[in-house]
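Working notes for the structure below.
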C-alpha cells in the first residue's frame with residue numbers, strides 16, 4: 005500500500021514538468037484552502053510571490069493564472085489554438101449536450117462549424133443592427149424602473165440583479181422574442197420555469213461546485229448530484245425544444261435567432277439542425 009501511495013505521489017508530481025511556479029499545496033484539495041474572497045485579491049497576492057504566470061490546483065483541476073498583459077496577448081495570438089480547449093466538467097457533459105455547445109466544446113471541426121454559423125447567422129453586422137431596438141427598449145425599461153424607485157429622493161439600489169435581468173431579457177428577446185423578467189411578461193408560468201432553470205444552472209456550473217474539483221465527493225454523495233444534473237438537463241432541453249417547436253409551428257416567421265437558425269440553408273431541417281440550434 006505504501007508503494008502504491010508513493011508511486012501515485014511521484015506520478016502526480018512528475019506528470020507536468022514544465023508548469024509555472026506554484027505555492028505549496030495539499031493532497032486532494034490542492035490550493036483550495038488558500039482561496040479567499042475576493043478572489044482577485046487572492047490571485048494578486050499570489051502573483052507577487054510567484055510571478056505574473058503561476059499555477060494552482062483547485063482539487064483535481066490544474067489552473068494556470070496569467071496576470072501579465074503581454075503574456076495574455078501572446079496566449080490569444082501565438083498560442084490561441086493550444087489554449088482553445090475547454091475543461092471536461094461533469095456539469096458541461098449533461099447540461100451542454102455532452103460538451104457540444106459553443107461554450108463547452110473543444111477546438112475541432114464541430115467548434116469551427118458553430119463559429120462559422122454564429123458569425124454568419126447570429127453575430128453578423130446586419131443581425132446585430134436588427135436587434136438594436138431590443139437593447140434600447142430594455143435599457144429604457146431599466147431606467148424607468150430606477151426612476152420609479154427613486155421618485156421620493158435618493159434610494160439604495162441593488163444593481164447586480166437589475167443588470168442580470170437586463171442581460172437575460174435582451175438575450176431571450178433576441179433568441180426567442182420573449183422577456184421573462186420585470187414588467188410585460190406575457191407568460192408568467194414559462195417565465196417561472198426559465199428563472200428556475202437559470203438559477204439551478206448557475207449553482208451547478210463548472211468549478212463553482214466542489215464535486216467538480218474533488219471527484220471523491222461524488223461517491224460520498226452516491227452520485228445524487230449527477231442525477232440532479234441529468235434532471236436539470238432534461239428540463240432545460242424540454243424548455244428549449246418548446247421554444248423551437250413554437251417557432252416552427254408559426255406560419256409567419258419572425259426575426260429572432262431561432263428563426264434565423266431554422267431557416268439556415270447550410271443545414272437540412274431535421275434533428276441535427278434542432279440540436280445545432282440548442283447548441284448555439
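In my numbering, the protein residues as written are 5 to 284.
Glycine included, every Cβ here is placed at the ideal spot set by N, Cα and C.
Distance between residue j and residue i (C-alpha atoms, nearest Å)
| i | j | result |
| --- | --- | --- |
| residue 198 | residue 160 | 28 Å |
| residue 64 | residue 208 | 17 Å |
| residue 235 | residue 158 | 45 Å |
| residue 91 | residue 108 | 8 Å |
| residue 233 | residue 62 | 21 Å |
| residue 80 | residue 86 | 10 Å |
| residue 130 | residue 162 | 34 Å |
| residue 82 | residue 58 | 19 Å |
| residue 185 | residue 111 | 35 Å |
| residue 176 | residue 53 | 44 Å |
| residue 45 | residue 71 | 12 Å |
| residue 229 | residue 188 | 36 Å |
Whole-angstrom C-beta distance between residue j and residue i, which should lie under 8 Å
| i | j | result |
| --- | --- | --- |
| residue 29 | residue 35 | 5 Å |
| residue 178 | residue 104 | The Cβ separation is near 22 Å, so there is no contact. |
| residue 89 | residue 75 | Not a contact, Cβ separation roughly 19 Å. |
| residue 282 | residue 101 | 7 Å |
| residue 43 | residue 27 | About 15 Å separates the two Cβ atoms, so there is no contact after all. |
| residue 180 | residue 262 | 6 Å |
| residue 31 | residue 68 | That pair is no contact at about 20 Å. |
| residue 216 | residue 94 | 6 Å |
| residue 257 | residue 267 | 7 Å |
| residue 242 | residue 99 | Residue 242 to residue 99, Cβ: 13 Å. No contact. |
Start-to-end residues for the alpha helix (DSSP H) that takes in residue i
| i | result |
| --- | --- |
| residue 163 | 163-180 |
| residue 222 | 220-224 |
| residue 253 | 228-253 |
| residue 265 | 261-266 |
heavy atom of the ligand SAM below 6 Å from residue i C-beta
| i | result |
| --- | --- |
| residue 171 | Questions concerning the ligand SAM fall outside what the structure shown contains, since it holds no ligand whatsoever. |
Does the region 161-175 touch the region 235-254, meaning 3 or more C-beta pairs lie closer than 8 Å? Short answer: they don't touch.
Whole alpha helix (DSSP H) elements within the region 65-139, 4-residue minimum: Qualifying alpha helix (DSSP H) stretches, in chain order: 73-81, 94-99, 113-121 and 129-134.
What ranges does the alpha helix (DSSP H) occupy inside the region 189-217, keeping only unbroken runs of at least 4 residues that lie completely in it? The DSSP assignment places 192-208 and 214-217 as complete runs of the alpha helix (DSSP H) inside the region 189-217, in order along the chain (cut-off: 4 residues).
Quick check on the DSSP output: what are the complete alpha helix (DSSP H) runs of length 4 or more inside the region 16-62, in order along the chain? Complete alpha helix (DSSP H) runs here, min 4: 43-54.
Is it a yes or a no for the region 130-147 touching the region 214-229, going by three-plus beta-carbon pairs under 8 Å? The region 130-147 is not in contact with the region 214-229.
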